[in-house]
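As structure tokens, the structure follows; a few thoughts come after it.
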Amino acid sequence: MKKKWWQDTVVYQIYARSFLDTNGDGIGDLPGIIKKLDYIKNLGVNVIWLSPINRSPMKDNGYDISDYYEVDPVFGTNKDLAELISGAHERGLKVLMDLVVNHVSVNHRWFQEMIKDPCGPYRDYFYVRETADGKEPNNFRSYFGGSVWEKIGESNSFYFHAFGKDQPDLNWENPKVRQDIFDMMIYWQEQGIDGFRIDAIGNIKKSETILSSCTMPADAEDGMRAIHDYVINQPGIDKFLGEMRDKVFMRFDSMTVAEINVPEKDLEAYIGENGYFSMVFDFSYADIDTNGITRPCDFASWDLKDLKRCIFHSQKNYQKYGWAAPYLENHDQPRSINKYLKDGEINYYSTTMLGVLYFFLNGTPYIYQGQEIGMSNYPFADIKEFTDVDTITKYQKAKELGDPEEKILDFLRRRSRDNARTPMQWSKELYAGFSESHPWLAVNPNYKEVNVEDEEAAERSVLHFYRSMISLRRTSEYKDTIVYGMFEGVDTEYEEDFVYRRSDDKREVLVVINYSPEQRPWCVESNDYKILLNNYDEIREQIQPYQAVVFGKNYVSDQND
Ligand code: GLC
Ligand code: CA
Numbered sequence: 002m003k004k005k006w007w008q009d010t011v012v013y014q015i016y017a018r019s020f021l022d023t024n025g026d027g028i029g030d031l032p033g034i035i036k037k038l039d040y041i042k043n044l045g046v047n048v049i050w051l052s053p054i055n056r057s058p059m060k061d062n063g064y065d066i067s068d069y070y071e072v073d074p075v076f077g078t079n080k081d082l083a084e085l086i087s088g089a090h091e092r093g094l095k096v097l098m099d100l101v102v103n104h105v106s107v108n109h110r111w112f113q114e115m116i117k118d119p120c121g122p123y124r125d126y127f128y129v130r131e132t133a134d135g136k137e138p139n140n141f142r143s144y145f146g147g148s149v150w151e152k153i154g155e156s157n158s159f160y161f162h163a164f165g166k167d168q169p170d171l172n173w174e175n176p177k178v179r180q181d182i183f184d185m186m187i188y189w190q191e192q193g194i195d196g197f198r199i200d201a202i203g204n205i206k207k208s209e210t211i212l213s214s215c216t217m218p219a220d221a222e223d224g225m226r227a228i229h230d231y232v233i234n235q236p237g238i239d240k241f242l243g244e245m246r247d248k249v250f251m252r253f254d255s256m257t258v259a260e261i262n263v264p265e266k267d268l269e270a271y272i273g274e275n276g277y278f279s280m281v282f283d284f285s286y287a288d289i290d291t292n293g294i295t296r297p298c299d300f301a302s303w304d305l306k307d308l309k310r311c312i313f314h315s316q317k318n319y320q321k322y323g324w325a326a327p328y329l330e331n332h333d334q335p336r337s338i339n340k341y342l343k344d345g346e347i348n349y350y351s352t353t354m355l356g357v358l359y360f361f362l363n364g365t366p367y368i369y370q371g372q373e374i375g376m377s378n379y380p381f382a383d384i385k386e387f388t389d390v391d392t393i394t395k396y397q398k399a400k401e402l403g404d405p406e407e408k409i410l411d412f413l414r415r416r417s418r419d420n421a422r423t424p425m426q427w428s429k430e431l432y433a434g435f436s437e438s439h440p441w442l443a444v445n446p447n448y449k450e451v452n453v454e455d456e457e458a459a460e461r462s463v464l465h466f467y468r469s470m471i472s473l474r475r476t477s478e479y480k481d482t483i484v485y486g487m488f489e490g491v492d493t494e495y496e497e498d499f500v501y502r503r504s505d506d507k508r509e510v511l512v513v514i515n516y517s518p519e520q521r522p523w524c525v526e527s528n529d530y531k532i533l534l535n536n537y538d539e540i541r542e543q544i545q546p547y548q549a550v551v552f553g554k555n556y557v558s559d560q561n562d
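So the sequence shown is numbered by the numbering used here: it starts at 2 and just counts up by one.
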């Protein structure tokens, strides 16, 4: 594969609402991000991904856009965004915008026009179906729970929504819809945006089945059926994605990362040399605790063997066809230390170990705000404390199915998306230095121990460790090997050993991890390697609990010796 500018990148994701509030309304804003550009720059990353900041009624915190061309007033103005983009560019940071184009908000003009005149020109911007009996056309279940069909007023017509009922899906079959979307993308690229994180894009082509009146066999007690197999990656999606690539991405050499799980057979088309996108997010290990579950508040069981298999498998596949986008967290995930570590085993070593685990994989690593200081899940005790639409719908559905309150809360405490959305912890000050007034979502009570200011000052901290990981990847002599080298998972006898190698003809990087709370014998010989990074001060006879070491070997200098 030819080298591309977006391969040598580390991305920092900002959820504006929870990053920094500068006008005292309790909600993070663009001036807050501008204020922290130096902090971001000093982390060593070189790309920012901004979660949606467009005008929106915020039913899904901006993933329900009502005006693609305006910044929502809660975040600031278009001028602030222009300032943010130029401030980022001055510091060598690229900016990715979140592109939510599978659906819009019910407040979007197109939808409002459709409601006013259901047979007018905007009917075909959406999927509208009429039924003779006034019942939903079929029994498909939306991602957030409940039917995918929502009634339009008193009529017998319904519109389709894959996510929340306030997020009607756009009809991508309509060439006018596609042109309007592409024009908007071009507009933002012309304003200086360097690319896009593309939301829910695998859903833009619908199968005939899901739009038809057919009752499908139910897959759970609610009598409904999951939509995944009928809306994701459907035959024909290639036409829409190819058009987007040709009309927008090629023209601007954009960096693009799509939120879509791609089966192996399609990887070439998605991320190969002429793929639709630069890279795609893989859900296999992020959702390892829920994959395959259809009941709203149930967990899937998994162990370290499964985790390793998922990561190694995904790495091999992505490397074969293109570029990967490894991540531990984002705004849809709980905090990673709570997901991947057992309660009572979260500490400096295990937290930094998780960082090492994914950071030297093949692809562009993504860091979600707060991950770099080891932020953790919020101790939610009552359903009233949650705000997320997905969380609340899941709660209601689980209740209807008769799940006990405690079981539901236990699930949501571990899994709710609100865990990632609590305010960024900047300092020990009131509200963690995020805002002067009561924030829109409560600050995690651990902010006095976990915050940027203290971690900056401490001799040893998760923050310092993240900086070292980033600089090893971006500026060290091993940089090329880490960015472009081959990935190879190393088989070891025990599941607690997590070992992989990156290599090219000049150098080798070997990542060795003890994913356990016990001291254990080293599983690989490392005498002739240099230590590039170590979350302990030294190398002892045995590998320590949750120790993570990155070793390096330089064939070039060895030959010169
Ligand atoms: C994506 C977003 C998520 C949002 C959904 C609907 O999965 O990451 O936050 O709720 O799409 O837009
Ligand atoms: Ca604000």
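All C-beta atoms in this analysis are idealised placements derived from N, C-alpha and C, irrespective of residue type, glycine included.
Check                                                                                                                                                                               : Outcome
Is the Cβ-Cβ distance between residue 44 and residue 461 less than 8 Å?                                                                                                             : no
For residue 515, does the three-state DSSP call read helix, strand or coil?                                                                                                         : strand
Using DSSP with H/G/I as helix, E/B as strand and the rest coil, what is residue 549?                                                                                               : strand
Candidates 109, 285, 476: which alpha carbon is nearest residue 319's?                                                                                                              : 285
Beta carbon of residue 491, beta carbon of residue 502: below 8 Å?                                                                                                                  : yes
Give me, in chain order, the residues of the same chain whose beta-carbon lies closer than 6 Å to that of residue 561; leave out the 5 immediate sequence neighbours on both sides. : Any reading at residue 561 is ruled out, since the residue's pLDDT is 48, under 50, leaving its predicted position unreliable.
Taking 7 Å as the line, does the beta carbon of residue 265 fall inside it for any heavy atom of ligand 1?                                                                          : no
Scan the region 278-326 and note each continuous alpha helix (DSSP H) run of 4 residues or more that stays entirely inside, going in chain order.                                   : 305-322
Using the C-alpha atoms, what's the distance from residue 71 back to residue 81?                                                                                                    : 11 Å
With DSSP collapsed to three states, give me the class of residue 561.                                                                                                              : Bear in mind that the predicted position of residue 561 carries a pLDDT of just 48, short of 50, making it unreliable; the figure below should be weighed with that in mind. In the structure shown, residue 561 sits in a helix (DSSP, three-state: H, G or I).
From the DSSP secondary-structure annotation, give me the bridge partner or partners of residue 621.                                                                                : The chain is shown from 2 up to 562; residue 621 falls before or after that span and cannot be answered.
Give the secondary structure of residue 155 by DSSP, where H, G and I count as helix, E and B as strand, and everything else as coil.                                               : coil
Using a Cβ-based criterion (distance less than 7 Å to any ligand heavy atom), does residue 423 qualify as near ligand 2?                                                            : no
Thinking just about the alpha-carbon of each residue, which of 181, 328, 376, 281 is nearest to the one in residue 197?                                                             : 281
Please name the residue in 290, 314, 326, 311 whose C-alpha comes closest to that of residue 278.                                                                                   : 326
Taking 7 Å as the cut-off, is the C-beta of residue 332 nearer than that to any heavy atom in ligand 1?                                                                             : yes
Once the 5 residues before and after residue 384 are set aside, which same chain residues still bring their CB inside 6 Å of it?                                                    : 396
In chain order, what residues of the same chain have a beta carbon less than 6 Å from the beta carbon of residue 347, not counting five sequence neighbours either side?            : 338
Just tell me which of 208, 264, 171, 496 has its CA closest to the CA of residue 517.                                                                                               : 496
What separation, rounded to the nearest whole angstrom, lies between the Cα atoms of residue 48 and residue 378?                                                                    : 25 Å
What's the C-alpha gap between residue 33 and residue 442?                                                                                                                          : 17 Å
Please classify residue 557 as buried or exposed, where buried requires at least 16 other C-beta atoms within 10 Å of its C-beta.                                                   : exposed
Among the candidates 37, 434, 419, whose CA atom is the shortest distance from the CA of residue 92?                                                                                : 37
Taking the C-alpha atoms as reference points, what is the distance between residue 402 and residue 145?                                                                             : 15 Å
What three-state label does DSSP hand residue 535 in the structure shown?                                                                                                           : strand
Anyone know if the C-beta pair for residue 358 and residue 499 falls short of 8 Å?                                                                                                  : yes
Check for me: the beta strand (DSSP E) holding residue 14 runs from which residue to which?                                                                                         : 12-15
So what does residue 328 bridge to, in DSSP terms?                                                                                                                                  : 367
May I ask which residues mark the beginning and end of the alpha helix (DSSP H) holding residue 70?                                                                                 : It is not in any alpha helix (DSSP H) - residue 70 instead sits in the beta strand (DSSP E) that spans 68-72.
Mind pulling the beta strand (DSSP E) runs of 3 or more residues that sit fully within the region 110-180?                                                                          : 129-131, 150-152, 158-161
For a test of your reading of the model: does the CB of residue 288 fall under 7 Å from any non-hydrogen atom of ligand 1? Yes or no.                                               : no
Among the residues of its own chain, which have a CB less than 7 Å from the CB of residue 340, if the five just before and after it don't count?                                    : 290
Quick test of your reading: residue 148 and residue 228, contact by CB under 8 Å. State the CB separation rounded to the nearest angstrom.                                          : Actually they are not in contact, since the Cβ atoms of residue 148 and residue 228 sit about 10 Å apart, beyond 8 Å.
Taking one C-beta from the region 171-184 and one from the region 244-263 each time, how about it: are there three or more such pairs within less than 8 Å?                         : yes
Could you tell me which residues DSSP puts in a beta bridge with residue 51?                                                                                                        : 15, 98
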